[in-house]
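Under the working numbering, the first residue of the sequence shown carries the number 5, and numbering increases by one thereafter.
By construction, the Cβ of each residue, glycine as well, lies at the ideal position given by its N, Cα and C atoms.
Treat the numbers as computed from the prediction; the structure is a model and nothing was measured.
Quick notes on the structure that follows.
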Amino acid sequence: YIAIVHPLKANILCNRRNTLIGIACIWPLSAAFAIPIPIFNVIGTPPNATDAKCATRFPGNHGSIFSAWKYAEMTLWYIVPMVILIVLYTIVGHRLFAGAEELHGGRKDKGESDALKARRGVIKMLVASVVLYLISYSPIQGMLIYTTFRPFPLHKRWMWHAFVISLVYVNSAANPILYSIFSQNFRRRFQRMVCFCSTKYRAARSLSTAGSSCSQTVGQCPSNATKYSLVHLNRGHSEA
């Protein structure tokens, strides 16, 4: 958002110091909301069940405290981020779309056509990321609301519970896939990194194999003096 809507402020706002400040604020806040889990989680067997389960049990009025805690989580980690994503990505999309219309309205050469495709790709990626976030996090929030008003036994919903939890992890795993689909620059950089690591690994493996072969057969690897003599001998034959 800052790089596209406020490009002149990008170097000022998106620096190492502000990044570290943001991380220093986000991690303690996330850890604070996770504190009830290790403190109040207990293992027990529910009534009319044979398998034990790990669940959060607050002292006192557990139902009210648990509902307040989960709805606070839903507000902070789902509703607020979703609103922020929609608002900021709408502004970014509008700015990119306006720029694309300017390119489309003028003369069209290869450079302008590439820029137009790149902007359309960014807009598609923004829309896809919001849709993916909505699909990944909505089922677990819907299950929370449903169980608040109409609870049902865990053994009847554990498969659904496992499924919606897995969707949350899919959201994080799918983001690089979205970037690779819609961003040519991301694909190029990722391919360059993979090829560099692969080439570096093959070179190190080749040197290691050559070194081990020399060490296993004593006298098979020529010394530097021998190499020097062979080179000059070959050079003398070629000159003759």
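Is DSSP giving residue i helix, strand or coil here?
| i | result |
| --- | --- |
| CYS218 | For CYS218, the pLDDT reaches just 47, beneath the cut-off of 50, and the residue's location in the model is therefore unreliable, although a value from the coordinates is still provided. Reduced to three states, the DSSP call for CYS218 is helix. |
| GLY64 | coil |
| ASN189 | helix |
| TYR141 | helix |
| CYS58 | strand |
| ILE39 | coil |
| ASN19 | coil |
| ASN179 | helix |
Just the Cα atoms here: how many angstroms apart are residue i and residue j?
| i | j | result |
| --- | --- | --- |
| ASN175 | SER140 | 6 Å |
| MET147 | TYR82 | 14 Å |
| ARG154 | ASN52 | 18 Å |
| SER187 | THR152 | 41 Å |
| LEU24 | ALA14 | 16 Å |
| PHE190 | PHE70 | 42 Å |
| ASP55 | VAL46 | 14 Å |
| CYS30 | GLN195 | For the record, residue 30 in the displayed sequence is Ile; it is not Cys. Approximately 31 Å between the Cα atoms of the pair. |
| VAL172 | SER142 | 9 Å |
| PHE44 | ASN22 | 35 Å |
| ARG20 | PHE200 | 26 Å |
| HIS165 | PRO85 | 22 Å |
| ARG192 | LEU12 | 26 Å |
| ALA35 | LYS121 | 41 Å |
| PHE62 | ASP118 | 57 Å |
| PHE167 | PRO42 | 23 Å |
| PRO180 | ILE169 | 19 Å |
When the Cα of residue i is compared with those of the options, which residue comes out closest?
| i | options | result |
| --- | --- | --- |
| GLY125 | ALA166, GLU77, TYR183 and MET78 | TYR183 |
| ILE185 | ALA132, LEU138 and VAL172 | ALA132 |
| ILE149 | MET163, LYS128, HIS98 and TYR75 | TYR75 |
| ALA38 | LEU17, LYS128, VAL134 and THR60 | THR60 |
| TRP162 | VAL172, LYS57 and ALA35 | LYS57 |
| PHE101 | VAL84, LYS128, ALA178 and VAL135 | LYS128 |
| LEU33 | VAL84, ARG193 and LEU80 | LEU80 |
| VAL134 | ARG193, ALA166, SER170 and TYR93 | TYR93 |
Would a C-beta distance cut-off of 8 Å place residue i and residue j closer than the cut-off?
| i | j | result |
| --- | --- | --- |
| VAL96 | LEU138 | no |
| TRP73 | PRO40 | yes |
| GLN145 | MET197 | no |
| ARG99 | VAL9 | yes |
| ALA177 | LEU136 | no |
| LEU17 | ILE6 | yes |
Would the C-beta of residue i count as close to the ligand NAP, meaning under 7 Å from any of its heavy atoms?
| i | result |
| --- | --- |
| SER176 | Among the components of this structure there are no ligands whatsoever, and the ligand NAP is therefore not found. |
- Message: Count Cβ pairs between the stretch 46 to 66 and the stretch 82 to 99 that sit closer than 8 Å; are there 3 or more?
- Response: By the criterion of at least three beta-carbon pairs nearer than 8 Å, the stretch 46 to 66 is not in contact with the stretch 82 to 99.
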